[in-house]
Amino acid sequence: MSTSTARRKTGTTGREAATSRTHVPAGSGARGAEAADPADLPVRPGEDPWTAEEVTELHAELAADLLRLRAEIEASEAAVAGLMRDSNDGAGDDQVDAGTKNINRESELALASNARDSLAQTEHALARLEGTGFGLCESCGQPVGKARLQAFPRATLCVSCKAKQERR
Numbered sequence: 002m003s004t005s006t007a008r009r010k011t012g013t014t015g016r017e018a019a020t021s022r023t024h025v026p027a028g029s030g031a032r033g034a035e036a037a038d039p040a041d042l043p044v045r046p047g048e049d050p051w052t053a054e055e056v057t058e059l060h061a062e063l064a065a066d067l068l069r070l071r072a073e074i075e076a077s078e079a080a081v082a083g084l085m086r087d088s089n090d091g092a093g094d095d096q097v098d099a100g101t102k103n104i105n106r107e108s109e110l111a112l113a114s115n116a117r118d119s120l121a122q123t124e125h126a127l128a129r130l131e132g133t134g135f136g137l138c139e140s141c142g143q144p145v146g147k148a149r150l151q152a153f154p155r156a157t158l159c160v161s162c163k164a165k166q167e168r169r
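Quick note on numbering: the sequence shown equals residues 2 to 169 in our numbering.
Right, dumping it as structure tokens:
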């Protein structure tokens, strides 16, 4: 198992706290902002209203995800920097060694890109939860659904709008 794989596995489940030097978002929870009033959050017909405990738990989960993702991005950037530094020292490498280095570098770049995308989605969800619009579909304006948001707090589309988007 490579060191980047081991780091990635612990980075996705651990709760390490790190701040990104390049990414300080608005609505990141860093201000200590509180989540929206549960009574203001929309629910679909037949769903129970949000409770204060559920909203607090959701807010804490999103805030923890921000810290985890920032740490993951920082670790990926450090790994890419190390791989870039090592790629200049390729004297005596055969084609397989050079190819392996390229694959490792591309893999780390893809992981960092995915983590940045997830970070942006998490920041957006947290900003909506702390402000307005959380729980409403960004396409049709209908409630996304409490169960969907509890399963995937970064959801911005209801199930039918998401299905339409995926068919395109």
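Each residue gets a CB set at the ideal place from its N, CA and C atoms; glycine is no exception.
Only a predicted model underlies this, so the values are computations on that prediction, with no experimental measurement involved.
What's the gap between the Cα of Lys102 and the Cα of Ala128?
Here the question's residue 102 lines up with position 101 in the sequence shown. Here the question's residue 128 lines up with position 127 in the sequence shown. If I take the Cα positions, the gap works out to 39 Å.
Which whole-angstrom value describes the C-beta separation of Leu67 and Thr123, a residue pair presumed to lie in contact below a C-beta threshold of 8 Å? If you number the sequence shown from 1, residue 67 lands on position 66. If you number the sequence shown from 1, residue 123 lands on position 122. Sure, about 6 Å apart at Cβ, within 8 Å.
Worksheet item: According to DSSP, is Leu158 helix, strand or coil?
Response: One-based indexing of the sequence shown puts residue 158 at position 157. Coil at Leu158, not helix or strand.
Cβ neighbour criterion (16 or more within 10 Å) applied to Glu17:
Taking the sequence shown and counting its residues from 1, one reaches residue 17 at position 16. With a pLDDT of 35 at Glu17, under the threshold of 50, the modelled position of this residue cannot be trusted; read the value that follows with caution. It is exposed - the Cβ of Glu17 has fewer than 16 other Cβ atoms within 10 Å.
### Task
Kindly confirm or deny that the region 48-55 and the region 152-163 touch, where touching means at least three C-beta pairs closer than 8 Å.
no
| Do you know offhand how far Ser108's Cα is from Gly100's? | Against the sequence shown, residue 108 aligns to sequence position 107. Against the sequence shown, residue 100 aligns to sequence position 99. One C-alpha to the other measures close to 12 Å.
Exercise for the section: For the alpha helix (DSSP H) holding Gly100, just list the boundary residues, first then last. Expected result: To locate residue 100, count along the sequence shown from 1; it is residue 99. Where Gly100 is concerned, the enclosing alpha helix (DSSP H) stretches over 96-131.
**Message:** So, with DSSP's three-state summary, where would you put Ala27?
**Reply:** Mapped onto the sequence shown, residue 27 falls at position 26. Below a pLDDT of 50, predicted positions are generally treated as unreliable, and Ala27, at 42, falls in that range; the measurement from the model is reported next regardless. It is coil, neither helix nor strand.
TODO: Determine the DSSP secondary structure at Leu137, reduced to helix, strand or coil.
DONE: Counting from 1 along the sequence shown, the entry for residue 137 is found at position 136. Reduced to three states, the DSSP call for Leu137 is strand.
- Task: Name the two residues that bound the continuous alpha helix (DSSP H) containing Arg169.
- Result: Taking the sequence shown and counting its residues from 1, the one referred to as residue 169 is at position 168. Taken as a continuous stretch (DSSP letters only), Arg169 belongs to no alpha helix (DSSP H), as it is neither H nor E.
Problem - Arg45 and Pro144 closer than 7 Å at C-beta - result: Within the sequence shown, numbered from 1, the residue matching residue 45 stands at position 44. Within the sequence shown, numbered from 1, the residue matching residue 144 stands at position 143. Yes, the pair counts as a contact, with Cβ atoms nearer than the cut-off.
Discussion item. Please report the straight-line C-alpha distance between Ala40 and Arg69, rounded to a whole angstrom.
Written reply: Walking along the sequence shown from the start, residue 40 turns up at place 39. Walking along the sequence shown from the start, residue 69 turns up at place 68. Between Ala40 and Arg69, the C-alpha separation is close to 29 Å.
Reduced DSSP category for Pro50 - H, G, I as helix; E, B as strand; rest coil = Sequence index remark: in the sequence shown, residue 50 carries index 49 (1-based). Coil.
Within-7 Å CB hit, Arg169 to chain B
Included in the structure is just one protein chain, with no chain B present.
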